[in-house]
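So the structure is just underneath, and the comments pick up after that.
Have a look at this one:
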């Protein structure tokens, strides 16, 4: 029997349940879990802040495992990784948590906006535990036929990959949309996993300066260790002071590119103001509905000639590229330092609470 | 002596004053005015709603004239048009009202955002009548050395060009930023000169459908004559009804691209909602500070994966391209029908009031 | 029994064969053919100029039909069109000839270059007659589960759609890559179906001038009727004369954007020279290997700061947008005039020969 | 009196001549030279391979100096740097060698392609010694009013800046056009100053792998020290072997982005083949006319869906961003190691010959 953590509904205590070991159907893959991320979204799930969640679920959307079994070949052949290489038992892999993007709807085919495909489901979030081992906080994970699998290169420690977690592909998507030019001043709002990853990725776009606005201090310290040129603590500064500081650092103009990764509505108009005229502002942190914000369309948008880009979700490319980047620049950034604690399945409840309380930067569930 | 209309200050009655006929300095051009546009901005100027206006001014920023005299050659040669051809006395030309973009500041050279150059001045708006004939509501206009001059092709009636007026380059800039794809559904908010031009230009990008949201009826009728597939009157519909109508027309998705040209802050969050997920929204109509707007960053921006682009001002290219497009497609769109009245210099006050009251679609001052 | 034209191999006479009427499997659609295009590619197929063709095939890749029967619903529901609306018996539809794009390989998921997916097959080209009614020159066409179906709007005559044929989505792809700006001078090399469609689409991007370079005269006449501002006959001009003519028309600079649609290697370096410095050149007509071309990398590419874009194939979006654009602007362009002849199945051999000899602009097979 | 190296004509021995110390006119700046680059272009100049060079010239286009004197203020105020800060005597600065971009011609205003402005002149290349101290191989450099001045930040050693030299802004322009995505495999053809800079900048775009193709060994060793993941020596490999090696490293696909920096025409078709389908190829190294190249438009361009971008010259932004990037990432890349020798004015002839013979990676003239 296989143990897995089950979240039965909002607010209910997590349970560890036993599941049958599944035999992979054609095209499917069974992973023995090495570890799975605990992410802010898991806290949102537990608080019932996301719509359309089919409780009970097995949480854990970004995970790494060792291939334990492969299903038989299908008409399209044996299960393959994203590059087209056949998968092998024993390989250490991750996978795209998003499953079922249809490739046929208007958004997939005409709009080329696959993260808005209405058929997409997410491992650990919108797939029910009643349907199987479809989340990472479990001894094994069942990858249905069609799940996108990406091997981890030898030079990339799986703990490092999980330490960045889903923040990395999310940030990679946002920073890509930011279209940072060489030498740009980049402001990152938020010092959580997405913000830290964005601060790193901005350097890997050749930013001339990276300023992280956020808190608490433990996270700002991490930002500094990861190369931020300056940090601004929201607990000890006013928006006016932050605006003054960013302008001071940019010849009075403001940031060339700003990346929002906070989840706080008021951060959005502030971010518009922190950005220079004709700059670019990417909003990726407003993952749940936390209310409204007020801005001045003349001053904050039209006269500024500002570009604002909302950024939703990740696709295969973002995860594939995250793995490539983390492997290539592994020595420059010590991701594993971010891991404050590893939790067994039976300790998942505590992991969730520690993350919700921001007592840790990054927690892993390690079965 | 030369007569010109002078606006001495906010609210003060317009006056007609006499000026000496200037002798063009090296590189300068003297135009005999054929006509000049009366635009909503002139009403803003008269109400004192723009900052930094050096009253007294001669209004009139988009104008057409016949070259009356050319200044001597400079080190760079005789005065030339934007294409590099020498100008000749007798030619019918327009010119870019924006003057003095420095080509040397950070915005001009590094930011490539010339409409945010702090040195730019605008004929008829931010150049004082004390400095000369620097506005179009006058018998002659003095083009300083370096003003960008564009001849009107024979097939483009100067009245047609002025009928579109500054709305055309403004809309051309906005529609360019809209990156309309073939077959897209385009919503235009606003049926004034910018909105009508945007509705025309959307068709000249191959839009599959153009929906104009605005009023009053006389302007919506013009929109229909100019090819709009549907119009929605803001006087007789609620925002919810408009959203329902746009979704109904787009398989439930919303507009692919929306262009805002209203000047009303509340139009901005409405426009975000009228646009589909992963669509694009260009805000060009918030030309003066008319207050704030409230939106939901999660629903209206982040989860929508929406792109929002503020659009400020026009550059030489926008006016040059406007002339090219209006000349090429002149037979398809009857611009001169928009002209509700022509006013002599002595009637400029009435022109201003008619425009401010939206009693006319387009008024010209014809000295 | 159902009649279909079969091409058994390169050079062999076409045959009309009888097929069983298939019963649609779940998700499939059976079309009663209204008409199918005869395209230059069919002549290439007959001459054996394409690799990987699984003869025998039923030619005909762009077709229109009436839905005769629908297969049962699958797990994803009843068969739907690209917009998500359920298909109905009796609807007049077209479909994307490209079938089987996998949505899983590196090119589909990471490269976002679906026209380079190695799994794609094409109706009428790379699907064998041994597998069924998988081409348009037949009384019925069998659309396998997953084929992308697009209804024709009432305002779009199916003959008009076929008159443009596959040239339209191909040109739409190329013109999209051309990123034509308002008022640009566009040169189109080639006056066949792709070139004519490109000349039309350039006008629907607001080109300031469209110059078609090609032949023979019958095609250049069509180009003129479709709005080309000038035509240059390759039979009566030298490359030097054409270059001089294009420069003369553009203030000495050359075309802002050039679209190649010729199939002749030597046209490529000529097109580079016809394009202005810092312009853009799209190469879409080199569909088969017709040999090499020679150019000067310094003069023709590097110093010119030229952008050159090869363009391969079409995806769902290109066909969907073609239908939208042709329906919306149907009255402006009389596509059906291009149809020189309609051929019954038994006359398909003659159709092929007429097209190969360029005796017709466009031929249709109408069963 | 001021000493300067003068190149009197192609092939003639360099001379050291004495000049009067100029008094800066309004807006001008006099620099005391700290050092000036010796670049491959200087060898081209000496061999007479560039057209339009107004011999005699003072070579040296990328230079660093200390401000010795400032001209009086003009109507636009005191001389300022690119960011708008007033310049001060004693500051260590560089400047954009390109002077006189007009900001008024069609290319400057409509085409937005300032590196194709016909008025541009280049310090050390197309400005004559008869007009003054307009090149860097001199004790002092005279910066005319309007020359774009950029201070070097304290953390950027001026020798490091010159070690990268004009290769850095050139490469920065090319790599920007390359639009490298996170994790991309980037091939750089050429291991000279442009190629080495491109290899570094690719890493500062988050490339997943950088492969340098070139020679001789001393340069490939430098490439490896600067982080290249692999090098391919053109002296010991065939084009077929290089293609095989690049495909082997990319799952059979080829490079996502290739940057050409060789000057050899045959490298261009090879580079097209080294790049994957739907990839991007930037050609920046074909600076002089070295003859023609032959390619297959079907296989190498059209079917590949390849994008090829010629890249000419640098603008202010490229130099400004080069300074920002070199200062920010100075510790990661030891530029000064590239300097093989420093030469006094009297040794300039030897510097030129050492560079022409590729005996050195980088030489500086230090007066």
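Protein chains in written order, with the UniProt record's numbering: chain F, 1 to 367; chain S, 1 to 367; chain G, 1 to 367; chain Y, 1 to 367. Note that the Cβ used here is the ideal one computed from N, Cα and C, for glycine as well.
Nearest residue (CA-CA) to residue 405(S), options 136(S), 118(S), 114(S) and 113(S):
Absent from the model: residue 405(S). The displayed extent of chain S is 1 to 367, so no value can be given.
Which complete alpha helix (DSSP H) runs does the UniProt domain "Alcohol dehydrogenase-like N-terminal" (26-153) of chain F hold, if anything under 4 residues is left out?
Taking only runs of at least 4 residues, the alpha helix (DSSP H) segments lying wholly in the UniProt domain "Alcohol dehydrogenase-like N-terminal" (26-153) of chain F are 40-46 and 106-109.
Taking all protein chains shown into account, decide if residue 21(G) is buried (16 or more other Cβ within 10 angstroms of its Cβ) or exposed.
Looking up residue 21(G) in the third chain gives position 21. Counting every other CB atom within 10 Å of its CB across the protein chains shown gives residue 21(G) a total below 16, marking it as exposed.
Shortest alpha-carbon distance to residue 250(Y) belongs to which of 77(G), 107(G) and 81(G)?
Within the fourth chain, residue 250(Y) is the residue found at index 250, counting from 1. Looking at 77(G), 107(G) and 81(G), the one whose alpha-carbon comes closest to that of residue 250(Y) is 107(G).
Can you give me the Cβ contacts of residue 299(F) inside the same chain, cut-off strictly under 7 Å, excluding the 5 residues immediately before and after it?
As a first step, residue 299(F) is located in the first chain; it is residue number 299 there, counting from the start. Result list for residue 299(F): empty, nothing under 7 Å.
Spatial distance of residue 288(S) from residue 49(S) (CA atoms):
Indexing the second chain from 1 puts residue 288(S) at position 288. Indexing the second chain from 1 puts residue 49(S) at position 49. When rounded, the separation of the alpha-carbon atoms in residue 288(S) and residue 49(S) is 7 Å.
If the cut-off is 9 Å on Cβ atoms, which residues from the UniProt domain "Alcohol dehydrogenase-like C-terminal" (193-320) of chain S count as contacting chain Y, listed in chain order?
Flagged, chain order: 315, 316, 317 and 320.
Does the Cβ of residue 11(Y) have 16 or more other Cβ atoms within 10 Å, making it buried, or fewer, making it exposed?
To locate residue 11(Y), count along the fourth chain from 1; it is residue 11. Answer is exposed; the Cβ neighbour count stays below 16.
Just to make sure I have the definition right: I need the residues of chain F whose C-beta is within less than 8 Å of the C-beta of residue 176(Y). Which are they?
Along the fourth chain, read from residue 1 onward, the residue named residue 176(Y) stands at position 176. Within chain F, the residues near residue 176(Y) are 181 and 182.
Answer with yes or no whether the minimum CB distance from residue 83(S) to chain Y is below 7 Å.
Taking the second chain and counting its residues from 1, the one referred to as residue 83(S) is at position 83. Contacts with chain Y at 7 Å (Cβ-Cβ) include residue 83(S).
N- and C-terminal bounds of the beta strand (DSSP E) containing residue 221(Y)
Within the fourth chain, residue 221(Y) is the residue found at index 221, counting from 1. No beta strand (DSSP E) contains residue 221(Y), which is instead part of the alpha helix (DSSP H) from 217-225.
Give, in chain order, every unbroken run of the alpha helix (DSSP H) that is at least 4 residues long and sits entirely within the region 301-336 of chain Y.
Here the runs fully enclosed are 316-328.
Give me the Cα-Cα distance between residue 318(Y) and residue 209(G), rounded to the nearest whole angstrom.
For the purposes of this step, residue 318(Y) is taken as residue 318 along the fourth chain, with counting starting at 1. For the purposes of this step, residue 209(G) is taken as residue 209 along the third chain, with counting starting at 1. Rounded to the nearest angstrom, the gap between the Cα atoms of residue 318(Y) and residue 209(G) is 34 Å.
Would you identify the three-state DSSP class for residue 214(S), choosing helix, strand or coil?
Position 214 of the second chain, counted from the start, is the residue given in the question as residue 214(S). In the displayed model, residue 214(S) falls within a strand according to three-state DSSP.
Neighbour-count burial assignment, residue 362(S), 16 or more Cβ in a 10 Å radius:
Position 362 of the second chain, counting from 1, holds the residue named residue 362(S). Around the beta-carbon of residue 362(S), 16 or more other beta-carbon atoms lie within 10 Å, marking it buried.
Contact between the region 33-46 of chain Y and the region 351-362 of chain Y is defined here as three or more beta-carbon pairs at a separation below 8 Å; is this criterion met?
The answer is yes - the region 351-362 of chain Y touches the region 33-46 of chain Y, with three or more Cβ pairs under 8 Å.
Can you grab the Cα-Cα spacing for the pair residue 198(S) / residue 187(F), in whole Å?
Stepping through the second chain from its first residue, residue 198(S) is reached at position 198. Stepping through the first chain from its first residue, residue 187(F) is reached at position 187. The alpha-carbon atoms of residue 198(S) and residue 187(F) are separated by roughly 34 Å.
Sequence-distant residues of the same chain with beta carbon closer than 7 Å to residue 100(F), five excluded per side:
As a position in the first chain, residue 100(F) is number 100, starting the count at 1. Only residues of its own chain outside the window of five on either side were considered, and among them 119, 120 and 121 have a CB closer than 7 Å to the CB of residue 100(F), listed in chain order.
Taking residue 14(S) and residue 349(S) to be in contact with their CB atoms under 8 Å, please state how far apart those CB atoms are, rounded to whole angstroms.
What you label residue 14(S) is simply residue 14 of the second chain in a count that begins at 1. What you label residue 349(S) is simply residue 349 of the second chain in a count that begins at 1. Their Cβ separation, rounded to whole angstroms, is 5 Å, which keeps residue 14(S) and residue 349(S) in contact under 8 Å.
Can you tell me where the alpha helix (DSSP H) holding residue 170(G) begins and where it ends?
On the third chain, residue 170(G) is found 170 positions in, with the first residue counted as 1. From DSSP, the alpha helix (DSSP H) with residue 170(G) extends over 167-178.
Can you name the start and end residues of the beta strand (DSSP E) that residue 279(G) belongs to?
Locating residue 279(G) in the third chain gives position 279, counting from the first residue. For residue 279(G), the uninterrupted beta strand (DSSP E) run begins and ends at 275-283, by DSSP.
Three-state class that DSSP yields for residue 241(S) in the structure shown
For the purposes of this step, residue 241(S) is identified with residue 241 of the second chain, where counting begins at 1. Residue 241(S): helix per DSSP, three-state reduction.
Give me the subset of the region 131-143 of chain S whose CB atoms are less than 8 Å from a CB atom of chain C, sorted by chain position.
You won't find chain C in this structure, because its protein chains are F, S, G and Y.
Do you know offhand how far residue 177(G)'s Cα is from residue 147(S)'s?
Residue 177(G) sits at position 177 when you count from the first residue of the third chain. Residue 147(S) sits at position 147 when you count from the first residue of the second chain. Each residue's CA atom was taken as its position, placing residue 177(G) and residue 147(S) some 34 Å apart.
Does residue 233(S) come out as helix, strand or coil in the three-state DSSP assignment?
Residue 233(S) sits at position 233 when you count from the first residue of the second chain. Three-state DSSP puts residue 233(S) in a strand.
Buried versus exposed call for residue 256(G) [16 or more other C-beta atoms within 10 Å across all chains shown]:
Position 256 of the third chain, counting from 1, holds the residue named residue 256(G). Classification for residue 256(G): buried.
To the nearest angstrom, how far is it from the Cα of residue 143(S) to the Cα of residue 235(G)?
On the second chain, residue 143(S) is found 143 positions in, with the first residue counted as 1. On the third chain, residue 235(G) is found 235 positions in, with the first residue counted as 1. Their backbone Cα atoms lie some 48 Å apart in a straight line.
Nearest residue (CA-CA) to residue 116(F), options 98(F), 127(F), 330(F) and 128(F)
As a working mapping, residue 116(F) is identified with position 116 in the first chain. Taking only the C-alpha atoms, the option nearest residue 116(F) is 98(F).
Using a Cβ distance threshold of 8 Å, determine whether the region 311-326 of chain F contacts the region 157-173 of chain F, with at least three qualifying pairs required.
Contact holds: three or more Cβ-Cβ distances are below 8 Å.
Cα-Cα, which of 4(Y), 25(Y) and 339(Y) is closest to residue 16(Y)?
Residue numbering aside, residue 16(Y) sits at position 16 when the fourth chain is read from its first letter. Considering only alpha carbons, the answer is 4(Y).
Buried or exposed: residue 272(S), going by 16 or more other Cβ atoms within 10 Å of its Cβ?
One-based indexing of the second chain puts residue 272(S) at position 272. Residue environment: residue 272(S) is assigned as buried (16 or more neighbouring CB atoms within 10 Å of its CB, all protein chains considered).
Residues of the region 321-352 of chain Y in Cβ contact with chain F at a cutoff of 7 Å, in chain order, please.
Answer set for the region 321-352 of chain Y: 321, 324, 325 and 328.
Selection from 27(Y), 32(Y) and 19(Y) that minimises the alpha carbon distance to residue 366(Y):
By 1-based counting over the fourth chain, the position of residue 366(Y) is 366. The residue with the shortest Cα to Cα distance from residue 366(Y) is 32(Y).
So residue 202(Y) and residue 330(Y) are supposed to be a Cβ contact under 8 Å. How far apart are they, rounded?
Residue 202(Y) sits at position 202 when you count from the first residue of the fourth chain. Residue 330(Y) sits at position 330 when you count from the first residue of the fourth chain. That pair is no contact at about 18 Å.
Measuring CB to CB, does residue 418(S) end up less than 7 Å from residue 87(S)?
Any answer about residue 418(S) is impossible in this case: the structure gives chain S only from 1 up to 367.
Taking 7 Å as the threshold (C-beta atoms), are residue 26(F) and residue 84(F) in contact?
The residue given as residue 84(F) occupies position 84 in the first chain. The residue given as residue 26(F) occupies position 26 in the first chain. Contact: no.
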